[in-house]
Amino acid sequence: MCFGQFLTEEDASTAERLAHQKPVQMQVGVVIHAAASPLKGIKCSVPMPMEWPEQQVKVIQEESSPQVRRVSYEMIGDSVKRMVMQIPFVGPGETAQVLVTLECMRHHIVAPKDTDQYAIPTRKQLTPALRKYLGPSPFIETKHSKIRKQAKEFTKNDDSAWSQVESMYDWVRNHVTYKNGPQKGAYKALKEKEGDCEELTALFVAFCRVNGIPARTVWIPGHCYPEFYLVDAQGEGQWFPCQAAGTRAFGSMPEYRPILQKGDNFRIPEKSGRQCYVSQQLKIADVPGGSNPKIEWVEKILSN
Numbered sequence: 110m111c112f113g114q115f116l117t118e119e120d121a122s123t124a125e126r127l128a129h130q131k132p133v134q135m136q137v138g139v140v141i142h143a144a145a146s147p148l149k150g151i152k153c154s155v156p157m158p159m160e161w162p163e164q165q166v167k168v169i170q171e172e173s174s175p176q177v178r179r180v181s182y183e184m185i186g187d188s189v190k191r192m193v194m195q196i197p198f199v200g201p202g203e204t205a206q207v208l209v210t211l212e213c214m215r216h217h218i219v220a221p222k223d224t225d226q227y228a229i230p231t232r233k234q235l236t237p238a239l240r241k242y243l244g245p246s247p248f249i250e251t252k253h254s255k256i257r258k259q260a261k262e263f264t265k266n267d268d269s270a271w272s273q274v275e276s277m278y279d280w281v282r283n284h285v286t287y288k289n290g291p292q293k294g295a296y297k298a299l300k301e302k303e304g305d306c307e308e309l310t311a312l313f314v315a316f317c318r319v320n321g322i323p324a325r326t327v328w329i330p331g332h333c334y335p336e337f338y339l340v341d342a343q344g345e346g347q348w349f350p351c352q353a354a355g356t357r358a359f360g361s362m363p364e365y366r367p368i369l370q371k372g373d374n375f376r377i378p379e380k381s382g383r384q385c386y387v388s389q390q391l392k393i394a395d396v397p398g399g400s401n402p403k404i405e406w407v408e409k410i411l412s413n
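Our numbering numbers the first residue of the sequence shown as 110 and each following residue consecutively.
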């Protein structure tokens, strides 16, 4: 079983810059332990790695306990796939689980040699799928005056589009000190001059978007990095990754960890506001006098 996805033209063009490949096995799912009382009406969901030009995904093994009624898959937008599980009843002391083992064939992406040909997409070249990567997202405050003021500093020189984006990238890396901590967003990264991979990524993405360059967050286990979008001399668009936190890599990505999802502005039925990341979700029907279950979310790399 493969997790297929229709690839857009801009995604397909990325395939031309793929290099080394490596299979990585990953297991995702949930294990639910009922305590002294039963559990009823369980519905939960887990985000799943999906296909991208630099990643092919196939299912190696599926394990479901007898209590599981249904396992299905759904898309959140066009860049997140998640597994949805329905479990009607788990008896006292019982354990219900769904575990899926995947093989993710992950490729490195190399930077293009001729970067002068790339340009910022025109209004006509911006599809609805791209326009959503130009506005604000949770923790990416593109409308904040301080972010907009700094972003415009990068357009004062008559540089190529590639050089402009690279100047934003280098500025973020040179002015924001890496410091692990809770997620706080692009503005606080700019103000406090410190943050982890989420803050460095958010600030770079914000700078790009203010200057009309589509950009988004790529989420992998324990890390994230940004991608930006430019068009070549033929008017074909491509996404280019870069490593905001860590060893410098601009327009390239020497990374084998599976891609969990791309994007940073999602609506999901379980939450009222927009989310920067589609996380695991769980709903259990109330049982009078019931005890709390033990929930184990599984998202682990088995081999790399």
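Every residue gets a Cβ at the ideal spot worked out from N, C-alpha and C, and that includes glycine.
| Check | Outcome |
| --- | --- |
| Following the continuous alpha helix (DSSP H) through Cys351, name the residue where it begins and the one where it ends. | From DSSP, Cys351 is part of no alpha helix (DSSP H); its letter is neither H nor E. |
| Return the Cβ separation of Pro323 and Tyr338 in integer angstroms, given the expectation that the two are a contact with Cβ distance under 8 Å. | 4 Å |
| Please classify Ser246: is it buried, with 16 or more other beta-carbons within 10 angstroms of its beta-carbon, or exposed? | buried |
| Under 8 Å, do Gln170 and Thr210 count as touching if we go by C-beta distance? | yes |
| Select from Met194, Ala342 and Thr356 the residue whose C-alpha is nearest the C-alpha of Ala270. | Ala342 |
| Going by the DSSP bridge assignment, what does Gly304 pair with across the sheet? | Tyr287 |
| Are there 16 or more other CB atoms within 10 angstroms of the CB of Glu160, so buried, or fewer, so exposed? | buried |
| Alpha carbon to alpha carbon, how far is Ala394 from Cys306? Give it in angstroms, no decimals. | 37 Å |
| DSSP on Arg383, reduced to helix/strand/coil? | coil |
| Expressed to the nearest angstrom, what Euclidean distance is found between the alpha-carbon atoms of Leu127 and Asp187? | 22 Å |
| Can you find at least 3 beta carbon pairs, one from the region 394-406 and one from the region 147-157, that sit closer than 8 Å? | yes |
| Round the Cβ separation of Pro158 and Met135 to the nearest angstrom and send it over; I've been treating them as touching at under 8 Å. | 7 Å |
| Measuring CB to CB, does Phe313 end up less than 8 Å from Val281? | yes |
| For Tyr334, which of helix, strand or coil comes out of DSSP? | strand |
| Do Asn401 and Ala144 have their C-beta atoms within less than 8 Å of each other? | yes |
| Once DSSP output is grouped into helix, strand and coil, what is the label at Tyr182? | strand |
| Can you grab the Cα-Cα spacing for the pair Pro156 / Asn266, in whole Å? | 42 Å |
| Assuming Gln176 and Val140 are in contact, meaning their beta carbons sit under 8 Å apart, how far apart are those beta carbons, in whole angstroms? | So it is not a contact: roughly 12 Å between Cβ atoms. |
| Between the region 203-220 and the region 356-364, can you find at least three pairs of beta-carbon atoms closer than 8 Å? | yes |
| Given a cut-off of 8 Å on the beta-carbon distance, is the pair Glu336 and Arg318 in contact? | no |
| Compute the Euclidean distance between the alpha carbons of Glu125 and Val193, then round it to the nearest angstrom. | 34 Å |
| Quick check: the Cα distance between Gly355 and Ile404, rounded to an integer number of angstroms? | 33 Å |
| Run through the DSSP bridge pairs and tell me what His142 is partnered with. | Thr204 and Lys403 |
| List the whole-angstrom C-beta distance separating Ile377 from Ile185, where the pair is believed to meet the contact cut-off of C-beta under 8 Å. | 6 Å |
| What does DSSP give as the partner residues of Ser174 in its beta bridges? | Ser174 is not bridged to any residue. |
| Out of curiosity, what's the CA-to-CA distance linking Gly321 and Val137? | 36 Å |
| What distance in whole Å lies between the Cβ atoms of Val327 and Lys371, which are believed to be in contact at a cut-off of 8 Å? | 5 Å |
| Kindly indicate the opening and closing residues of the beta strand (DSSP E) around Arg191. | Val189 to Val199 |
| In whole angstroms, what is the alpha-carbon distance linking Gln226 and Tyr296? | 32 Å |
| Under 6 Å Cβ to Cβ from Ile196, same chain only, skipping five residues before and after it: list those, please. | Ile151, Gln176, Val177 and Ala205 |
| I need the DSSP call for Glu250, collapsed to helix, strand or coil. | coil |
| In the DSSP assignment, find the unbroken beta strand (DSSP E) run with Arg325 in it and report its ends. | Ala324 to Ile329 |
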